[in-house]
Amino acid sequence: MGNELFADTVRVFFEKKGRIKYISHLDIVRCISRAIKRSGLPVWYTLGFNPHIYLTFALPLSLGFESECESMDFRLTEHKDPQEIIESLNRVFPEGLRVYKAVLAVTKPEAIRWAQYDIQLEYDCLSGEEVAKEFEAFCGQSCIETSKRTKKGEKTIDLKPLFSIQKLIGERNAVTMVMRAAAGTSLNINPTLVLNAFAAQSGRVPDWMKIVRTRILTEELEDFV
Amino acid sequence: MDVKKALERVLLQVQKPARYIGGELGSIVKSKDQVDVRFAFCFPDLYEVGMSHLGMKILYSLMNERQDVWCQRVFAPDTDMEKIMREKKIPLWGLESLEPIKDFDFIGFTLQYEMSYTAILNMLDLAGLPVKSCDRKALSPLVVAGGPCACNPEPIADFIDLFILGEGEEVNLELIDLYQKGKKEGWDKPRYLKEAAQIQGIYVPSFYDFSYNEDGTINKVTAREGAPEIVHKRIIKDLDKVYYPKNFVVPFIDTVHDRAMTEVLRGCIRGCRFCQAGFIYRPFREKEFETINQNAMDLCKNTGYDEVSLTSLSTSDYSKLEPLLDKMLPWTTEESVNIALPSLRVDNFSPRLMEQIAKVRKSGLTFAPEAGTQRLRDVINKNVSEQEVLNTCKTAFEGGYTSVKLYFMMGLPTETMEDIEGIVHLAQKVVDLYYSLPTKPKGKGVNVTVSCACFVPKPFTPFEFEPQDTRAQLQEKQRRLLDTVKSKKISIKYHDSITSFLEAVLARGDRRLCPVIETAWRNGGNLEGWNEHFEVQRWTNAAKECGVDLDFYALRRRGYEEVMPWDHLDYGVTKAFLIRENKLAYEDRPTPHCRMKCSGCGANRLLGGACFGE
Chain A
1 MGNELFADTV RVFFEKKGRI KYISHLDIVR CISRAIKRSG LPVWYTLGFN PHIYLTFALP
61 LSLGFESECE SMDFRLTEHK DPQEIIESLN RVFPEGLRVY KAVLAVTKPE AIRWAQYDIQ
121 LEYDCLSGEE VAKEFEAFCG QSCIETSKRT KKGEKTIDLK PLFSIQKLIG ERNAVTMVMR
181 AAAGTSLNIN PTLVLNAFAA QSGRVPDWMK IVRTRILTEE LEDFV
Chain B
1 MDVKKALERV LLQVQKPARY IGGELGSIVK SKDQVDVRFA FCFPDLYEVG MSHLGMKILY
61 SLMNERQDVW CQRVFAPDTD MEKIMREKKI PLWGLESLEP IKDFDFIGFT LQYEMSYTAI
121 LNMLDLAGLP VKSCDRKALS PLVVAGGPCA CNPEPIADFI DLFILGEGEE VNLELIDLYQ
181 KGKKEGWDKP RYLKEAAQIQ GIYVPSFYDF SYNEDGTINK VTAREGAPEI VHKRIIKDLD
241 KVYYPKNFVV PFIDTVHDRA MTEVLRGCIR GCRFCQAGFI YRPFREKEFE TINQNAMDLC
301 KNTGYDEVSL TSLSTSDYSK LEPLLDKMLP WTTEESVNIA LPSLRVDNFS PRLMEQIAKV
361 RKSGLTFAPE AGTQRLRDVI NKNVSEQEVL NTCKTAFEGG YTSVKLYFMM GLPTETMEDI
421 EGIVHLAQKV VDLYYSLPTK PKGKGVNVTV SCACFVPKPF TPFEFEPQDT RAQLQEKQRR
481 LLDTVKSKKI SIKYHDSITS FLEAVLARGD RRLCPVIETA WRNGGNLEGW NEHFEVQRWT
541 NAAKECGVDL DFYALRRRGY EEVMPWDHLD YGVTKAFLIR ENKLAYEDRP TPHCRMKCSG
601 CGANRLLGGA CFGE
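In the order they appear, the protein sequences are chains A and B. Residues in the first sequence are numbered from 1 upward in steps of one, following full-length UniProt numbering. Residues in the second sequence are numbered from 1 upward in steps of one, following full-length UniProt numbering.
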């Protein structure tokens, strides 16, 4: 412990699925720190009075969302085979978290521009087809103003340039869609911001929804690696 | 009803959904079809409180070691979740399977404090079960309860099918075995309870009839259905060999004590006369230091916790504390694990121990002199002298501490205003001591916090006969306490006397209080350990409605010959011993601790020999 030098900064990709979606980002961070400790990997600790595992997340996930593409970086004091890293972590991760890829971190998280989501909305007493039509019209407006909470308080923003719909299907009592929304350190749009704006305008409030983050993309619309 | 589906729709509407969903590291998921018995271990308080409880962790792992048993955790939902559960008719579920607990075989409650009783009724109701034992006709779910408050279970006797007295590691498994036998042979509930009453440590309240005298005291208690006249509590004779978990469920969210815990010893050698735990957990038994060290290593390795506490009623009374710390310090330092030492006593805080503790990260320093004058400390048998308190504070200040917390009680038997003022005088001496030290850190002041609880007389203590101070008396003492403080370096905290009054009622109550508890619950009582949920009006109204006088239970002196509601339960210590100790208290005479001299409390009968060596 307390090695001053580290060999690699590792980036690990994992899924967050099932009931663990109800665990907030901060609690996940704590849980993963403990898991890494138990994994026996030669992980690098910060120096100082209260050493802890150096751990950063590219793009925190909202409470209630599932994901197929979470990533986090940590440092190892000696080189390890990616497969060994994956297996060591999966042995100690809780139900719902599963690592599928480990690489050396090269790209900076600042390169992230977009995130893509699979969204499913269910209505107890509405036709999915009709709601989908209304949603299409909603998206077709030239300007979609809504208020966003920021660290400096509420401010009004135009959502229009900040998201796009890749796919939209209305069937029976459900609407499914693929949404791409601005993401990253400078500007981050939570898909619920769009969905809430629609619900507020149309009065169509879903009785159940499921949101899964499926991809994280760079400026060039390439997967963040 | 599919709880899992129902939760999907509501969980994002409540605070801290992680409380309700399970799936934590170390939680044990089995297949329902592959187990024979499902046991819902219920803690009648919020997740954050319940998840800090060591007893639950032990019994959870112990039961789940068995392939045919699946123990699951259940906590009281907070008010926002409860509202949704009632609206959407979602029955209370086990965190591991998210299935309704009303379909389980056992529902077990741990009784940690009296103020949780209404939460028990509320949880049964949320589960979809009648709250009264007599209204639950089927064999399962059996509603059982254990823990410290089971030493006087009468106030909740109407709601619980059977109580488990003493330590649960063996007897819980015996109950499960008997249940499996009964299920195979098609027993009904009365048959099961009748057989269960034959197991040592099992108290089936419906088999005991109470008759009363004209003055309201108990005339006698009669056992029926072949149940024993006296029920003896269970203990683990060889503590060193008892099962201890190698893994804990590690919560996602912050809990009260979120760390690894090892158990160092059970019982207490001290015999402070107000302390129920000091008597009901007797006899004193220790684990070997190698075992404790191994337990700590296993837990830290499996949970990833970076803090481990050495838990007991009085960890500095552990005879091998120094060798234990010598064994633990190398690996805990190497792995950045912090050792927490709760419950240290001031009188055996040696410089060597101080030096060892200095190696671990500093947290607050707390002492419990409990009373402000030597006379009163002798009365309550808290064998700590002012000089010892000051010496320890001196060592601590020299070790770099600048704040000290001192715990006291008010309303103790024989207490006068002089004793109350003595609390502040002692705190002032600690302040003065700090400023007299040439080594004190430059520019840093001292902070002495005095925390003062109201005394609650408890069963199985030498003060079980004592009246509690009236609310007016306690309030006057609180005022005097505040008026005596002259220094800004001393801050005073005290508890509300009205909660303590109700604790006193419930702690020494009998089964005539059952309707009062039920009424208080029906009128909205729940989670009353939390001040914001407690409302005394609810209880006074309930008592009036049921024609019960609460003062009779809290404020009355009981004679030595009076039949107590718990006299038919045997926790080891004899009533003769308690009477002897009560008399000594009135003579201001302390009793030496068990290592110095056996005081003949009677608990060693459970061991079948002496507590120490010979």
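Positions of the beta carbon are idealized from the N, C-alpha and C atoms, including for glycine. Predicted model, so just to flag it, every value in this text is computed and none were measured.
- In terms of CA proximity to Q198(B), I164(B) leads the group K544(B), A368(B), I164(B), F552(B).
- Per the C-alpha coordinates, the member of E335(B), E562(B), F612(B), R282(B) positioned closest to D570(B) is R282(B).
- A straight line joining the alpha-carbon of V10(A) with that of K246(B) spans about 31 Å.
- Within 8 Å of the CB of L63(A), the CB atoms of chain B belong to L12, P17, in sequence order along the chain.
- For P161(A), no alpha helix (DSSP H) segment is defined, and its DSSP state is neither H nor E.
- Inter-residue distance for R375(B) and N381(B) is about 10 Å (C-alpha atoms, whole angstroms).
- Collapsing the DSSP output to three states places E68(A) in a strand.
- Ranked by Cα distance from I216(A), the first of L193(A), R204(A), A181(A) is A181(A).
- Residues of the same chain with a CB within less than 6 Å of the CB of M51(B), apart from the 5 flanking positions on each side, are P251, T255 in chain order.
- Scanning T333(B), E229(B), G55(B) for the CA closest to the CA of N50(A) turns up T333(B).
- Annotation: the continuous beta strand (DSSP E) that includes F75(B) extends over 69 to 75.
- Three or more Cβ pairs closer than 8 Å define a contact, and the stretch 204 to 216 of chain A meets that threshold against the stretch 119 to 126 of chain A.
- With respect to F43(B), F75(B) sits close: the two C-beta atoms are nearer than 7 Å.
- Rounded to whole angstroms, D306(B) and G547(B) show a C-alpha spacing of 53 Å.
- The straight-line gap separating the alpha-carbon atoms of K101(A) and S164(A) is approximately 28 Å.
- Out of Q15(B), F501(B), Y60(B), G182(B), the CA that lies nearest to the CA of T79(B) is found in Q15(B).
- Closer than 7 Å to the CB of K37(A) there is at least one CB belonging to chain B.
- The three-state reading of DSSP puts W93(B) in strand, counting E and B together.
- Between P109(A) and chain B, the shortest Cβ-Cβ separation is not below 7 Å.
- Taking the beta carbon of N302(B) as reference, the chain A residues within 8 Å of it are R38, listed in sequence order.
- Using a CB distance cut-off of 7 Å, W44(A) does not count as an interface residue toward chain B.
- Contact note: V250(B) reaches chain A through C31, R34, using a C-beta cutoff of 8 Å and chain order.
- Residues of chain A with a Cβ closer than 8 Å to the Cβ of G399(B) do not exist; the shortest Cβ-Cβ separation is about 17 Å.
- Going by beta carbons, R266(B) and S309(B) fall outside the 7 Å limit.
- DSSP places N447(B) in the strand class (E or B) of the three-state scheme.
- Judged by their CB atoms, F41(B) and R73(B) are nearer to each other than the 7 Å cut-off.
- Listed in chain order, the positions of the stretch 12 to 30 of chain A with a beta carbon within less than 8 Å of a beta carbon of chain B are G18, R19, I20, Y22, I23, S24, D27, I28, R30.
- Straight through space, the alpha carbons of I53(A) and L47(A) are spaced by roughly 10 Å.
- Within a 10 Å sphere around the beta-carbon of R75(A) sit 16 or more other beta-carbons, which makes this residue buried.
- Around V171(B), the same chain offers I164, I199, Q200, G201, I202, R234 as residues with beta carbons nearer than 8 Å, after the five sequence neighbours per side are excluded.
- Non-local C-beta neighbours of T414(B) in its own chain, meaning closer than 6 Å and more than five positions away in sequence, comprise V379, ordered along the chain.
- With respect to the 7 Å criterion, A199(A) and L168(A) are not classified as neighbours on the basis of their beta carbons.
- Residue state for F224(A) is assigned as coil, using DSSP reduced to three classes.
- Contacts with chain A (Cβ-Cβ distance below 9 Å) from the stretch 23 to 56 of chain B involve G23, E24, L25, G26, S27, V29, listed in chain order.
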